[in-house]
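Residue numbers (the working numbering): 2 to 202.
Positions of the beta carbon are idealized from the N, C-alpha and C atoms, including for glycine.
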Ligand code: ATP
């Protein structure tokens with residue numbers, strides 16, 4: 002099988018996430034895209050997202066959009082309160098699925114920050130990377146120069162252009178807070194869940 006990890010805060014999951022997951026699944030013939038809400042994102046420690054269990058439920062609602070999408074709690078909170086590192090998540094997935102081809106799906110903004118992740122070189126060994134375009138972030142070979150990828154590492158990275166969803170969770174939360182249900186930006190089941198539980202109000 003061809004399996005992609007799709008990690009994120011998902012606070013909340015929105016149409017931008019769905020768009021890149023669908024585009025990646027189509028372009029790379031993925032059997033499964035694993036939406037993995039991150040309990041504690043090491044690069045976003047200063048912000049407090051909704052509780053992990055709520056974001057897991059929201060991701061479950063989002064996954065109803067496509068039969069290839071599935072939620073995993075592989076990045077649940079650690080008992081010792083430490084952050085969740087993607088290098089550990091991919092190592093665990095490689096152990097769980099030794100016969101499968103693993104991908105890591107990210108948006109352009111996340112990938113351009115790769116050198117700030119823990120063990121970037123190991124991360125490129127553990128999976129092939131699918132990097133989706135995101136409005137506001139250039140994604141040409143020249144833009145990857147600061148990442149100092151070797152030839153072998155560059156071959157592990159697939160650029161996926163054509164996704165032009167100008168949506169950010171930060172803007173979305175502000176609109177939800179003002180009482181806007183954001184039906185244009187949220188998958189239907191996510192919008193329903195958000196309204197039912199009065200989230201972000
Ligand atoms: P914020 O917009 O507040 O920064 P976010 O939606 O980027 O939040 P995450 O939920 O952590 O934050 O995103 C998960 C992954 O989805 C990341 O790899 C991010 O780059 C990607 N992503 C999020 N929104 C988009 C978008 N509109 N287009 C392409 N990729 C996106």
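Candidates the options, of which the one nearest residue i by Cα
| i | options | result |
| --- | --- | --- |
| residue 155 | 23, 125 and 169 | 125 |
| residue 7 | 105, 68, 161 and 19 | 105 |
| residue 83 | 175, 41 and 96 | 41 |
| residue 199 | 144, 78, 179 and 90 | 179 |
| residue 134 | 3, 14 and 22 | 22 |
| residue 4 | 184, 163 and 25 | 25 |
| residue 165 | 173, 138 and 55 | 138 |
| residue 2 | 128, 78 and 32 | 32 |
| residue 150 | 92, 68, 62 and 114 | 114 |
| residue 110 | 190, 131, 30 and 90 | 131 |
| residue 146 | 30, 116, 48 and 53 | 116 |
| residue 54 | 47, 78 and 46 | 78 |
| residue 51 | 184, 186, 171 and 190 | 171 |
Proximal residues to residue i (C-beta, below 7 Å), its chain only, five neighbours per side dropped
| i | result |
| --- | --- |
| residue 167 | 136 |
| residue 182 | 192 and 196 |
| residue 120 | 88 |
| residue 74 | 57 |
| residue 60 | 11, 14, 36, 38 and 72 |
| residue 95 | 103 and 127 |
Residue i: first and last residue of the uninterrupted beta strand (DSSP E) it sits in
| i | result |
| --- | --- |
| residue 159 | 158-161 |
| residue 38 | 33-38 |
| residue 145 | Neither: residue 145 is in no beta strand (DSSP E) and is coded neither H nor E. |
| residue 129 | 129-133 |
Chain-order list of residues whose beta-carbon lies under 8 Å from that of residue i (same chain, five-residue window excluded)
| i | result |
| --- | --- |
| residue 64 | 36, 70, 71 and 72 |
Enclosing alpha helix (DSSP H) for residue i [first to last residue]
| i | result |
| --- | --- |
| residue 19 | 16-28 |
| residue 191 | 189-197 |
| residue 88 | 87-97 |
Own chain partners of residue i with C-beta closer than 6 Å, once the 5 adjacent residues on each side are dropped
| i | result |
| --- | --- |
| residue 174 | 201 |
Check your reading: residues with Cβ closer than 6 Å to the ligand ATP heavy atoms: Here the residues come out as 9, 10, 11, 17, 18, 21, 107, 108, 110, 111, 133, 135, 164, 166, 168, 169, 170 and 171.
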